[in-house]
Amino acid sequence: MGKFSFEHCFEIDTLKRLIAQHQHLFRHQSLADLYYRGEKLSVTAIELGQQQQNCPTVLFVGGVHGVERIGAQVVLAFLTSLLNRLPWDTHLQQLLQHVRLAFVPVANPVGFLRGSRGNGNNVDLMRNAPIDSDEDVTFLVGGQRISSKLPWYRGKAGMELETEALVNYVKQLQHQSSSVIALDAHSGFGLLDHVWFPHAHTRQPFEGMGYIYRLMQLFESGYPHHGHYRLAPQSQFYRTHGDIWDYLVATNSSEKPLIPLTLEMGSWAWVRKNPRQLFNFPGYFNPQQSHRHQRILRRHVVLMQFLIDAAYAQIIEQTTPAQLIHLTQQANRFWSKKG
Ligand SMILES: [Zn+2]
């Protein structure tokens, strides 16, 4: 066992334990097999619910960046809660007859073992998709091909195994679904919880923005005391090359809506309350005190449950073309005045 194995394996071990305990309740598969220091690791996908074609799907992704452990933990905590509810919760049982829930809780397992943002080749998976910004990107942060020793490295050429696995999996889900809503959980800088949607590579508006505006209206009116999210196109904060979700929406040739949301949990709020974390790199992105940790795991349950309820209600599918035109106009007005 390497010296990092125990410390950095919590999320991978949790995932293995969930599979061992609950595999009668779901389907699971390896999207990619990886090796690190002689250990075999998988990019594991878990699916619950409806298997037939053309049902709505909600996909939860965590752990794209190996140092952002809280993202994987939020996804794993929600999955655990669903699995524990499933035997008795008749609402959830009903929902799962009409909705597919997919989980990739640890998209970058080697990064988790190494304690690195990037994968085993030091490639930042969220800068690695084959899509380039033609606008000004933030130096280094936007993605760079200068050196794998610097952060935000895009890789030499082509997609890394983990990137390709996630891209192909989303395409496969789309093929089987009437719509796909994805929530990709990260933690980052800043005080606030952001929810970003495409585009990351350009200021051009995302064509699915009307759906996002509709979801925002429903969330804000249904849960008026959970308005702590800042929802906006990522490009209003910074622009990057190689964003996986941008690549997927740009190459989406199907008629089926793909609605990718990136949850970027604000870390500075934790740092401010516990400045010691500034000197501990992994801690920078991860709240360490247990009451704070509990609060973070709790904080996003309402949003995640809302997304699966919206899928069950077929909010995306039932939006008529005329409504979508109107919603898209509203969305453009709303986010252009903020940009
Ligand atoms: Zn991240």
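In this note's numbering, the protein residues as written are -7 to 331.
Note that the Cβ used here is the ideal one computed from N, Cα and C, for glycine as well.
Go ahead and label residue i buried or exposed: buried means 16 or more other beta carbons lie within 10 angstroms of its beta carbon, across all protein chains shown.
| i | result |
| --- | --- |
| serine 245 | exposed |
| proline 313 | exposed |
| arginine 146 | buried |
| phenylalanine 189 | buried |
| histidine 57 | buried |
| leucine 165 | buried |
| asparagine 111 | buried |
| glutamate 154 | buried |
| leucine 132 | exposed |
| serine 213 | exposed |
| tyrosine 239 | buried |
| glycine 219 | exposed |
| alanine 121 | buried |
| tryptophan 237 | buried |
| threonine 254 | buried |
| proline 79 | exposed |
| lysine 248 | buried |
Going along the chain, which residues of its own chain have a beta-carbon closer than 6 Å to the beta-carbon of residue i, five neighbours each way excluded?
| i | result |
| --- | --- |
| tyrosine 221 | Asp185, Val187 |
| valine 53 | Val96, Ala99, Asp176 |
| histidine 292 | Val66 |
| glycine 258 | Gly182, Leu183, Leu184, Asp185 |
| serine 140 | Asn114 |
| isoleucine 38 | Phe18, His20, Phe95 |
Per DSSP, what kind of secondary structure is residue i in: helix, strand or coil?
| i | result |
| --- | --- |
| glutamate 127 | coil |
| phenylalanine 95 | strand |
| glutamine 136 | strand |
| glycine 150 | coil |
| arginine 109 | coil |
| aspartate 185 | strand |
| glutamate -1 | Confidence in glutamate -1 is poor, its pLDDT being 43 and thus under 50, which makes the residue's placement too unreliable to answer from. |
| glycine 198 | The sequence given here places phenylalanine at residue 198; glycine does not occur at that position. Here phenylalanine 198 sits in coil by DSSP. |
| tyrosine 145 | strand |
| alanine 242 | helix |
Quick one: what's residue i bridged to in DSSP?
| i | result |
| --- | --- |
| glutamate 31 | Tyr28 |
| glycine 180 | Gly258 |
| glutamate 39 | Arg19, Ala94 |
| threonine 232 | According to DSSP, threonine 232 bridges with nothing at all. |
| alanine 224 | Trp188 |
| phenylalanine 70 | BP columns for phenylalanine 70 are empty, so no partner. |
| leucine 210 | None; leucine 210 has no bridge partner. |
| phenylalanine 52 | Phe95, Leu175 |
In chain order, what residues of the same chain have a beta carbon less than 7 Å from the beta carbon of residue i, not counting five sequence neighbours either side?
| i | result |
| --- | --- |
| glutamine 42 | Leu88, Gln89, His90, Val91, Arg92 |
| leucine 223 | Val187, Met208 |
| isoleucine 11 | His20 |
Can you find a CB in chain B that lies within less than 9 Å of the CB of residue i?
| i | result |
| --- | --- |
| isoleucine 251 | Included in the structure is just one protein chain, with no chain B present. |
Looking only at its own chain, which residues have a Cβ that is under 8 Å from the Cβ of residue i, when we skip the five neighbours before and after it?
| i | result |
| --- | --- |
| isoleucine 4 | Leu33, Val98, Pro101, Phe104, Leu105 |
| glutamate 309 | Pro48, Ser170, Ser171 |
| phenylalanine -2 | Unreliable positioning characterises phenylalanine -2 in this predicted model, as indicated by a pLDDT of 42, which lies under 50. The coordinate reading is nonetheless provided below. Taken in chain order, the list of residues that qualify is empty. |
| histidine 233 | Arg119, Ile123, Asp124, Ser125, Val129, Gly134, Gly135, Arg146, His193 |
*What residues does ligand 1 have around it, judged by CB closer than 5 Å to any heavy atom, in chain order?*
His57, Glu60, His178
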